[in-house]
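K.L.:
In my numbering, the protein residues as written are 16 to 92.
Ideal Cβ positions, reconstructed from N, Cα and C, are used throughout, including at glycine.
This one's a predicted model, so the numbers in the text were calculated from it and none came from an experiment.
Structure in structure tokens, see below.
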Ligand SMILES: [Zn+2]
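Listed below in structure tokens is the structure:
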């Protein structure tokens, strides 16, 4: 995975994790996803993760686990 992609995906994950990003940051992510198919694919996958996690909220599921999983995915890519 290219360094640029890694950077963008990490930001995208923050965004999906409901961290507040500036409009500029979100635009940068969007622009990159538009021109980088592998990242778009990754982003789609990740969206599933976040949806799954929010469904698990209120249970004992630890968000740290999800973060570790994401980290693993990033390292494998
Ligand atoms: Zn990319």
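1) Got a list of residues with beta-carbon closer than 5 Å to any non-hydrogen atom of ligand 1, in chain order?
2) For residue 44, is the classification buried or exposed, using 16 other Cβ atoms within 10 angstroms of its Cβ as the cut-off for buried?
3) Whole-angstrom Cβ separation of residue 128 and residue 48, contact assumed at under 8 Å?
4) When burial is assigned at 16 or more other CB atoms within 10 Å of the CB, is residue 90 buried or exposed?
P.N.:
Reading from the atomic positions:
1) 20, 51 and 54
2) Here the question's residue 44 lines up with position 29 in the chain shown. When all chains shown are included, residue 44 counts as buried.
3) This structure gives no information on residue 128, because the portion of the chain shown stretches from 16 to 92.
4) Your numbering for residue 90 matches position 75 in the chain shown. The residue in question, residue 90, is exposed, as its Cβ has fewer than 16 Cβ neighbours within 10 Å.
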